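Below is one structure; the comments refer to it alone.
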Amino acid sequence: MLGWSVTRYDTFTFCKRLYYYQYYGNYDHEYSRHEINTLKKLTTIPLEIGNIVHDILKTFLERLQRSAKPIDQNRFFAYSKQLTQRYSDAKKFFETYYGEYESIESLEMLYPKVEQCLINFLESERSDWLISRPEEEKSKWVIEPPGYGKTTINGYKAYCKVDFLFPSGKNLQIMDWKTGQPHMEKHKKQLTAYSYWASDKFNHNPALINCSSAYLFPEYHEMDMSLSHEDILAFSKIVQNETFQMWEYCIDVEQNLPKPKDAFPITVSINKCNTCNFKQLCRR
Ligand code: SF4
49 MLGWSVTRYD TFTFCKRLYY YQYYGNYDHE YSRHEINTLK KLTTIPLEIG
99 NIVHDILKTF LERLQRSAKP IDQNRFFAYS KQLTQRYSDA KKFFETYYGE
149 YESIESLEML YPKVEQCLIN FLESERSDWL ISRPEEEKSK WVIEPPGYGK
199 TTINGYKAYC KVDFLFPSGK NLQIMDWKTG QPHMEKHKKQ LTAYSYWASD
249 KFNHNPALIN CSSAYLFPEY HEMDMSLSHE DILAFSKIVQ NETFQMWEYC
299 IDVEQNLPKP KDAFPITVSI NKCNTCNFKQ LCRR
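Numbering-wise, the sequence shown is residues 49 to 332 according to this note's numbering.
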């Protein structure tokens, strides 16, 4: 059975054909599995910057848990630079695949923003506050839990993977790192999903869960949100409704078997194709 997630439903609404290639590409008879998987794995410069910053912040927080010794900033930034290079070398970029750039010079094209995001974070009050937490409190931090964040919402399978969760007094605080532009509606939905996941997993009153999107660029700021019991109920209905919509495209919901590709139409908004990994297949 398919599992709801914010990303999956976003893809579903963006373009049904993209949704097909992304989630059911193995069933396609027109193109090879290799070609579809290659396109599926393409990353972009903004996506990879986000990925790198997330992983560095994870390492940073785990280091705070292990030791109260001050962070050596020279070593921290040298590590960040190395990681940027290593990650970029291992990936195929959309921008080179489709000819926008001949090659990706990671230290010029990715690292400046990675570094600025990290500087903004290190200079934030949030960073000082986290560093100052007592050891016993740090041991309760949940930093990018392993797996895909599988859960159930209103009885429906769903995936919600939080970046960082920690106790704050009686409350639970969830942080979601953002390196791109604020996108209020989308981010609010993500935070609601995380709250739902946390209240379910830790059996915690949703009214005592705070969520924040932490924007790391161009300067650090947090967008906070807390939810009422009614918000949680409304959200579970949304998940149900969106799951039903995606089930409509399955011939077998239990086995998550898709209808034939023709049932997944190409988008009418041709502009969307400019940024789509699969544009060589649709030839638009
Ligand atoms: S290229 Fe356009 S039509 Fe084709 S999958 Fe992508 S967004 Fe959809």
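Note that the Cβ used here is the ideal one computed from N, Cα and C, for glycine as well.
Note that the structure is predicted; figures quoted are calculated from it, not measured.
Self-check item: Within 5 Å of the ligand SF4: residues by beta-carbon to any heavy atom
Solution: After applying the 5 Å Cβ criterion, the set is 63, 65, 66, 314, 315, 320, 321, 324, 326, 327, 330.
Exercise. Assuming residue 320 contacts residue 63 (C-beta within less than 8 Å), just tell me the rounded distance between them.
Key: About 6 Å separates the beta carbon of residue 320 from that of residue 63, a gap short enough to meet the 8 Å contact definition.
Self-check item: Secondary structure, beta strand (DSSP E): runs of 3+ residues fully inside the stretch 145-220
Solution: Here the runs fully enclosed are 198-201, 204-207, 212-216.
Quiz item: Out of 52, 67, 53, which has the shortest C-alpha to C-alpha gap to residue 59?
Solution: Considering only alpha carbons, the answer is 67.
Practice problem: Mind checking which residues open and close the alpha helix (DSSP H) that includes residue 128? | Solution: Note, residue 128: alpha helix (DSSP H), 121-137.
Quiz item: Tell me the DSSP bridge mates of residue 274?
Solution: Residue 274 pairs with 258.
Quiz item: So does the stretch 225-241 actually touch the stretch 145-159, counting three or more Cβ pairs closer than 8 Å?
Solution: In this structure the stretch 225-241 does not lie against the stretch 145-159, because fewer than three pairs of beta carbons, one per stretch, are closer than 8 Å.
Quiz item: Is residue 93 near residue 157, with beta carbons less than 8 Å apart?
Solution: Yes.
Quiz item: Quick one: what does DSSP say residue 305 is sitting in, helix, strand or coil?
Solution: DSSP, read as helix, strand or coil, puts residue 305 in strand.
Quiz item: What is the DSSP secondary structure of residue 61, reduced to helix, strand or coil?
Solution: If DSSP states are grouped into helix, strand and coil, residue 61 belongs with the helices.
Self-check item: Length of the line joining the Cα atoms of residue 201 and residue 254
Solution: Approximately 14 Å between the Cα atoms of the pair.
Quiz prompt | From 332, 260, 79, residue whose alpha carbon lies closest to that of residue 318 | solution = Ranking the options by Cα distance to residue 318, first place goes to 332.
Practice problem: Give the C-beta separation of residue 190 and residue 97 to the nearest angstrom, bearing in mind that I take them to be a contact with Cβ-Cβ under 8 Å. | Solution: Not quite, the Cβ-Cβ distance comes to about 24 Å (not below 8 Å), so this is no contact.
Practice problem: Examine the Cβ distances between the stretch 118-136 and the stretch 195-209 and report whether three or more of them are shorter than 8 Å. | Solution: Taking a cut-off of 8 Å for Cβ pairs, the stretch 118-136 and the stretch 195-209 do not touch, as fewer than three such pairs fall below it.
Quiz item: If you drop the 5 nearest sequence neighbours on each side, which residues of the same chain put their C-beta closer than 7 Å to that of residue 106?
Solution: Closer than 7 Å at the Cβ level, and outside the excluded window around residue 106, lie 191, 192.
Quiz item: How is the alpha helix (DSSP H) around residue 330 delimited, first residue to last?
Solution: 327-330 is the span of the alpha helix (DSSP H), which, as asked, contains residue 330.
Self-check item: Neighbourhood of residue 74 by C-beta, 7 Å cutoff - its chain only, sequence neighbours within 5 removed
Solution: The residues are 81.
Quiz item: So which of 277, 86, 281, 206 has the shortest CA-CA distance to residue 141?
Solution: The shortest Cα separation from residue 141 among 277, 86, 281, 206 belongs to 86.
Quiz item: Smallest Cα separation from residue 247: which of 52, 230, 221, 235?
Solution: Per the C-alpha coordinates, the member of 52, 230, 221, 235 positioned closest to residue 247 is 221.
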